[in-house]
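Residues 1 to 364 in the numbering used here are what the sequence shown spells out, letter by letter.
Below is one structure; the comments refer to it alone.
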Amino acid sequence: MKVVLENLTKKFPARGKKGGADVIAVNDFTFEIPDGSLVGLLGPSGCGKSTTLNLISGLQKPTGGCIFFGEDDVTELPPEKRGVGLVFQNYALYPHLTVMQNIIFPLQNLKGKDKLSRAEMEAKALEIAKLVQIDGLMERKPNELSGGQQQRVAIARALVKMPRVLLLDEPLSNLDARLRLQTREEIKRIQRETGITTVFVTHDQEEAMSISDLIVVMKDGIVQQIGKPQEVYDEPVNLFVAKFLGTPPINVFDGEVKGGKLYIGEDCVLDVPNVNDASVYVGIRPEGFLLKEDGALSCALKGVEVMGRDISVVSANEHCSAPVIRSIISAENKVSVGSETVRFDLKPNKVFIFDKNTEERIDF
Ligand code: ADP
Ligand code: MG
Numbered sequence: 001m002k003v004v005l006e007n008l009t010k011k012f013p014a015r016g017k018k019g020g021a022d023v024i025a026v027n028d029f030t031f032e033i034p035d036g037s038l039v040g041l042l043g044p045s046g047c048g049k050s051t052t053l054n055l056i057s058g059l060q061k062p063t064g065g066c067i068f069f070g071e072d073d074v075t076e077l078p079p080e081k082r083g084v085g086l087v088f089q090n091y092a093l094y095p096h097l098t099v100m101q102n103i104i105f106p107l108q109n110l111k112g113k114d115k116l117s118r119a120e121m122e123a124k125a126l127e128i129a130k131l132v133q134i135d136g137l138m139e140r141k142p143n144e145l146s147g148g149q150q151q152r153v154a155i156a157r158a159l160v161k162m163p164r165v166l167l168l169d170e171p172l173s174n175l176d177a178r179l180r181l182q183t184r185e186e187i188k189r190i191q192r193e194t195g196i197t198t199v200f201v202t203h204d205q206e207e208a209m210s211i212s213d214l215i216v217v218m219k220d221g222i223v224q225q226i227g228k229p230q231e232v233y234d235e236p237v238n239l240f241v242a243k244f245l246g247t248p249p250i251n252v253f254d255g256e257v258k259g260g261k262l263y264i265g266e267d268c269v270l271d272v273p274n275v276n277d278a279s280v281y282v283g284i285r286p287e288g289f290l291l292k293e294d295g296a297l298s299c300a301l302k303g304v305e306v307m308g309r310d311i312s313v314v315s316a317n318e319h320c321s322a323p324v325i326r327s328i329i330s331a332e333n334k335v336s337v338g339s340e341t342v343r344f345d346l347k348p349n350k351v352f353i354f355d356k357n358t359e360e361r362i363d364f
């Protein structure tokens, strides 16, 4: 089931009598979530991710725009008529009910021709429980389960009615690091096996990058960029997107384009024949540095961390916006730790130039 958002907007009126401005939590979203895909909504806290999800689910009404599930305009439909499954960060299980009872709960109020017998409900619940691998825990209560198991129950409960769309709001945030990794792979597997169109909200770029077919990067209620994770990483439209994706994060420098050449301080680091003279921001991905004795960019060497396959060279440059530059270099390189300076050439496809005023990327 494809989901289409058309000029979707949600404005919250200012509170109190004077001062304060309206909050536009979701500002004119227009995009299509392809049938059967997993789309990650990604952005910092407060950028409008949950509001977008609540609009899709029907828990909140938009102040403008429309939502379509396939060809159906669902904008005016209440949540229970939309056929959505919802999973939240805090599981929201019924504590006094067993796992089985929690999972069959949404099936109990089916009416008319959809009404199921107890045996049919339990058979369905068991089938879904097997899919999320909790079928051995059906008689337990939520407080007898780990966080990861509770979240699987919540996912099973969201799936048991075979929703048209599955909506997950930061579902992994309450889990510890190891479980988070494992559960996100599980979610990806379950999504593939069921083929249910899924929207996954997270503020964690690594999570979004690893799980999503498409990511939607948001800031202050405005969509910044939509694309496959690798494409967005390789071709960020602006400085915000470039900074939001990648660990270690991109290194940002003040730079200058003069006569078709890009300078960081006195160092001429790249040829950029098609760029007009201007002050710019230069973003360099950690993997964009090549260690070279006569390299173009000179930095003060601060330290070297060996990480097995790679080494991390920590250096500094007065034109960098951060106190240290983090570069990731193949371990075959040797860094003489005794020296005070280190020089790099730059891989052009790992370097981005941004307009200083608009912060939009300038092609070169
Ligand atoms: P996210 O999930 O990305 O952290 P939200 O969608 O929860 O962000 O919130 C987006 C913005 O809308 C925030 O500025 C938030 O304070 C505001 N907001 C959310 N819900 C309400 C509400 N019910 N009333 C007023 N403002 C709200
Ligand atoms: Mg939220």
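Virtual Cβ for every residue (Gly too), placed ideally from N, Cα, C.
Where residue i sits in the DSSP three-state scheme
{"i": "A25", "result": "strand"}
{"i": "V153", "result": "helix"}
{"i": "N54", "result": "helix"}
{"i": "D294", "result": "coil"}
{"i": "I187", "result": "helix"}
{"i": "A316", "result": "strand"}
{"i": "F244", "result": "helix"}
{"i": "L93", "result": "coil"}
{"i": "E305", "result": "strand"}
{"i": "Q182", "result": "helix"}
{"i": "T198", "result": "strand"}
{"i": "E139", "result": "coil"}
{"i": "R15", "result": "coil"}
{"i": "K115", "result": "coil"}
{"i": "K49", "result": "helix"}
{"i": "A177", "result": "helix"}
{"i": "A322", "result": "coil"}
{"i": "G147", "result": "helix"}
{"i": "L59", "result": "coil"}
{"i": "V78", "result": "It should be noted that the sequence gives Pro, not Val, for residue 78. Note: P78 maps to coil in three-state DSSP."}
{"i": "L172", "result": "coil"}
Endpoints, alpha helix (DSSP H) assigned at residue i
{"i": "M100", "result": "99–108"}
{"i": "V257", "result": "First-last for V257: 251–258, but that is the beta strand (DSSP E), not the alpha helix (DSSP H)."}
{"i": "V232", "result": "229–234"}
{"i": "L131", "result": "118–131"}
Cross-strand partners of residue i (DSSP beta bridge)
{"i": "L346", "result": "F289"}
{"i": "D355", "result": "V280"}
{"i": "K219", "result": "I222"}
{"i": "G85", "result": "L166"}
{"i": "D214", "result": "For the sequence presented, residue 214 should be read as Leu rather than Asp. Answer by DSSP bridge pairing, in chain order: V39."}
{"i": "A300", "result": "A316, T341"}
{"i": "E32", "result": "V4"}
{"i": "D310", "result": "M307, S330"}
{"i": "D72", "result": "F69"}
{"i": "E360", "result": "N238"}
Range of the contiguous beta strand (DSSP E) that encloses residue i
{"i": "T9", "result": "3–12"}
{"i": "D267", "result": "267–271"}
{"i": "M209", "result": "Where M209 is concerned, there is no enclosing beta strand (DSSP E), although the alpha helix (DSSP H) it sits in stretches over 205–211."}
{"i": "D169", "result": "165–169"}
{"i": "I67", "result": "64–69"}
{"i": "S330", "result": "325–330"}
{"i": "G40", "result": "38–42"}
{"i": "K261", "result": "261–264"}
8 Å Cβ cutoff, residue i in contact with chain D
{"i": "P248", "result": "Within the model displayed, chain D is absent; a lone protein chain is all it includes."}
Practice task
Take every Cβ of the stretch 210–227, pair it with every Cβ of the stretch 283–292, and state whether three or more of those distances are shorter than 8 Å.
Solution key: With contact defined as three or more Cβ pairs closer than 8 Å, the stretch 210–227 and the stretch 283–292 are not in contact.
Practice task
Check whether the stretch 99–117 touches the stretch 155–162, counting contact only when three or more Cβ pairs, one atom from each stretch, lie closer than 8 Å.
Solution key: Touching, per the Cβ criterion.
Problem - Pocket of the ligand ADP defined by Cβ to heavy atom distance under 5 Å - result: Summarising the contact set, residues whose Cβ lies nearer than 5 Å to any heavy atom of the ligand ADP are, in chain order, F12, V23, A25, S45, G46, C47, G48, K49, S50, T51.
Exercise for the section: Tell me, please, whether the stretch 311–320 touches the stretch 257–277 by the rule of three or more beta-carbon pairs shorter than 8 Å. Expected result: Verdict: yes, contact present.
Exercise for the section: Indicate whether the contact test is met: 3 or more Cβ pairs, each with one atom in the stretch 193–210 and one in the stretch 35–46, closer than 8 Å. Expected result: Here the stretch 193–210 lies against the stretch 35–46, with 3 or more beta-carbon pairs under 8 Å apart.
Practice task
Taking 8 Å as the threshold, find out whether the stretch 117–124 comes into contact with the stretch 143–153 through three or more Cβ pairs.
Solution key: Not touching, per the Cβ criterion.
Practice task
Would you be able to state if there are at least three C-beta pairs under 8 Å between the stretch 237–247 and the stretch 60–72?
Solution key: As far as the Cβ criterion goes, the stretch 60–72 does not touch the stretch 237–247, which means the pair count is below three.
Exercise for the section: Determine contact between the stretch 334–352 and the stretch 300–313, defined as no fewer than three beta-carbon pairs at a distance below 8 Å. Expected result: Judged by Cβ distances under 8 Å, the stretch 334–352 makes contact with the stretch 300–313, as three or more pairs qualify.
Handout entry: Validate contact between the stretch 91–98 and the stretch 73–83 using beta carbons, cut 8 Å, 3 pairs
Key = No: the two stretches stay apart, fewer than three of their Cβ pairs being nearer than 8 Å.
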